[in-house]
DNA sequence: TATCTTAAAAGTCAGAGAAAGTCAAAAAAA
DNA sequence: TTTTTTTGACTTTCTCTGACTTTTAAGATA
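Residue numbers (our numbering), protein chains in the order written: chain A, 1 to 147; chain B, 148 to 294.
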């Protein structure tokens, strides 16, 4: 088995505790596997690409490290599913319920929640009942698509 | 964890009582962390830059000290100023200009820009001309208040 | 009082050290 | 042969250190 595969597996195992971000030190890892440090870069660039669901950050210098984050597209799938299930109209109450669901599932952060809420609130729209819920549905769905 | 990060955190914790300016003594702090005094300068110059929302002043000589102020009210002031200058109506064109100004002054990030844009776009609002620009102004201003 | 002196701060800057990144050539595998 | 993996020399970025400089307050002296 090639060393790259072993390192790949080792890194993936670090996620086993359920965390969605892990941190490694390039030189330390290279020493552990008895390979040159740049081998770690190779593994990362071939096996932890965004298209494979990972996002990588790093810092050089003393105490430097490499952070690998798992990005899941569960989020996008969930949002698309919700959007499809919102009809042509949406009440302020329904918005509140959706937003609180999104927050508890960590689909959006509190800032996005505030923006969604304010952009679709009765006070801001100030429209007749029949127009209001239609406009609200359109704004809400389109904003969601951009989150 | 690197010593610079520890010192950074220590200083930031000093703001926890809500004050927007804190005062430290360079030598004292260096002694506390068992590092050379210039390390404090390093931390300040890399972690407390104006671009990071801090403003630093100091005095030498007996009883000298370093004062760190939290600023970044610039952003809020600017936003408030803009909001006050937006009337009751706002065209799609005006939105585009404002958003591109905000972006170039780093008042908002690209995600916020997209949300502002989509929530106020003609296609989404789909209202008669007289209503549209009024609703757009309200949505835009209220969203800005929450950025 | 006015000035001079000294000590107590903070500031600067360049060099050393500690990481990670790059890239192309060699080697191995498909 | 073509593609993937491995290697290592060189680069870049970030952190830490210490010698030296500058500024200022406070005390000493005329």
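Backbone N, C-alpha and C fix where the C-beta goes; we use that ideal spot for every residue, glycine too.
A distance below 6 Å between beta-carbons, with the five flanking residues on each side excluded, links residue 170 of chain B to the following residues of its chain, in chain order: 212 and 214. Counting the other CB atoms within 10 Å of its CB gives residue 185 of chain B a total below 16, which places it among the exposed residues.
Between residue 92 of chain A and residue 122 of chain A a beta carbon distance of about 5 Å is seen, short of the 8 Å cut, so the two are scored as contacting. Going by C-alpha positions, residue 3 of chain A is about 55 Å away from residue 225 of chain B.
In chain order, 62 and 63 make up the part of chain A whose C-beta sits under 7 Å from the C-beta of residue 149 of chain B. Shown here for residue 260 of chain B: same chain residues with a beta carbon closer than 8 Å to its own, the five before and five after excluded, namely 246, 249 and 250 in chain order. A direct Cα-Cα distance of roughly 41 Å separates residue 11 of chain A from residue 164 of chain B.
Under DSSP, residue 168 of chain B takes part in a beta bridge, and its partners are B:216. For residue 98 of chain A, no Cβ of chain B is located within less than 8 Å of the residue's own Cβ. Residue 252 of chain B carries a coil assignment under DSSP once its states are collapsed to helix, strand and coil. Taking the beta carbon of residue 114 of chain A as reference, the chain B residues within 8 Å of it are 293, listed in sequence order. Closest by C-alpha distance to residue 84 of chain A, out of A:140, A:110 and A:61, is A:140. Judged by their CB atoms, residue 201 of chain B and residue 222 of chain B are not nearer to each other than the 8 Å cut-off.
In this structure, the beta-carbon distance from residue 88 of chain A to residue 137 of chain A falls below 8 Å.
Taking all protein chains shown into account, residue 116 of chain A has 16 or more neighbouring C-beta atoms within 10 Å of its C-beta and is therefore buried. Residues of chain B with a Cβ closer than 8 Å to the Cβ of residue 138 of chain A are, in chain order, 271, 272 and 273.
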